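Numbering (our numbering), first residue to last: 68 to 230. We put the CB at the ideal spot given by N, CA and C, even for glycine. All figures in this text were calculated on a predicted structure; none of them were measured in a lab. Quick notes on the structure that follows.
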C-alpha cells in the first residue's frame with residue numbers, strides 16, 4: 068500500500084455533507100487519479116462538543132488535501148487556496164470573511180480602521196451595511212441610513228439631525 072504524506076491540490080465537487088460534519092467531496096488527481104467522490108474530513112482550528120469554527124468551501128473551490136496516516140482512503144481537507152486574481156483583497160491590517168452574499172471586514176489600521184458587515188444578494192434583495200469606525204457608527208438599508216457620532220445622530224444624510 069502506498070502512503071501519501073504532505074499536502075496535495077484538490078477541488079471540491081460536493082459540499083452538502085449528509086452527516087453535517089463539515090466534510091466535502093474532493094478530487095485529488097495526484098493521489099486519487101480519476102476518483103472524484105471521496106468524502107474528506109475537515110481540519111479546523113477550533114472544535115469540541117457543540118462548539119467550533121467552520122467555513123465549508125463552495126463547490127469548485129481549490130483545497131489542500133492530506134491523508135490520515137498516509138492512507139488515500141482517509142482524506143482530510145486542511146485549508147483552501149486562491150488562484151491568480153481570486154483573493155478577496157485583504158492587506159496586512161485587513162481581515163476579510165466573504166461569502167456569496169455577505170462580507171465581514173475587520174481593519175486594525177490605527178485611527179481609521181474598524182469593522183464593516185455588508186449583507187447583499189442573494190441573501191437579501193436590498194444591501195444592508197453596518198460600519199463601526201473611529202468616526203462613528205453607520206447603518207444603511209438601501210438609500211436609508213442612520214449615522215451616529217459622538218456629537219450627533221443623522222438620519223438619511225441629514226434629513227433629520229439630532230445634536
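The beta carbons of residue 130 and residue 146 sit closer together than 8 Å. Beta-bridge annotation (DSSP): residue 211 is paired with 208. Scanning 160, 186, 166 for the CA closest to the CA of residue 180 turns up 160. Contact annotation: residue 186 and residue 195 have beta-carbon atoms nearer than 8 Å. Among the bridge pairs identified by DSSP, residue 129 is matched with 78, 148.
Under DSSP, residue 135 forms no beta bridge with any residue. Contact annotation: the segment 99-112 touches the segment 81-89, with at least three C-beta pairs closer than 8 Å.
At the C-beta level, residue 215 and residue 203 come within 8 Å of one another. Residue pairing for residue 109: DSSP places it in a beta bridge opposite 144. Contact between residue 139 and residue 99 holds, with the beta-carbon distance rounding to 6 Å and staying under 8 Å. Each of 153, 142, 197, 192 was checked against the Cα of residue 96, and the nearest Cα belongs to 142. Just so you know, the alpha carbons of residue 176 and residue 69 end up roughly 49 Å apart.
Judged by their CB atoms, residue 81 and residue 125 are not nearer to each other than the 8 Å cut-off. DSSP, read as helix, strand or coil, puts residue 97 in helix. For residue 224, no beta strand (DSSP E) run applies, since DSSP gives it neither H nor E.
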